[in-house]
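A short write-up of the structure that comes next.
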Amino acid sequence: MHGAVYRDFPSTDAPTMVTKDRARQALAQRFPPGVRRTYAALSEQSGVAATTIFHRAKGRPPPEENPQGQQYLTVAEEQALVTFLLLVSNFGQPVRI
Numbered sequence: 695m696h697g698a699v700y701r702d703f704p705s706t707d708a709p710t711m712v713t714k715d716r717a718r719q720a721l722a723q724r725f726p727p728g729v730r731r732t733y734a735a736l737s738e739q740s741g742v743a744a745t746t747i748f749h750r751a752k753g754r755p756p757p758e759e760n761p762q763g764q765q766y767l768t769v770a771e772e773q774a775l776v777t778f779l780l781l782v783s784n785f786g787q788p789v790r791i
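Counting from 695, one number per residue, gives the positions in the sequence shown under this note's numbering.
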């Protein structure tokens, strides 16, 4: 991170949620008085890349949440389709895709 400039960003006083995303957990951390809240400081303290923390602060979802909005079928529709295809396959009918 040579030559990178990181600016202070506002503290989020929103209630913390239990999440698996380490970058969101890093953003929710409290710093002692007098310590500047920067992406670089959060990165060093949490072990998460500063760019990842920056992207979470700006609203970018983690990769595991992103594909959910791009699905054609709902979870229930997908499960119904799988059940139907397995049923047809069990009857000996070839399943064409």
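Backbone N, C-alpha and C fix where the C-beta goes; we use that ideal spot for every residue, glycine too.
Every unbroken beta strand (DSSP E) within the region 714 to 768, with a cutoff of 3 residues, ordered by chain = none
task = Whole angstroms is fine: what's the gap from L721's alpha carbon to P755's?
result = 14 angstroms
task = Rounded to whole angstroms, what's the CA-CA distance from E759 to L767? Just pull it up for me.
result = Whole-angstrom Cα-Cα distance: 16 angstroms.
Spatial distance of A744 from R716 (CA atoms) = 12 angstroms
message = I'd like to know whether the C-beta atoms of Q723 and S737 end up nearer to each other than 8 angstroms.
response = no
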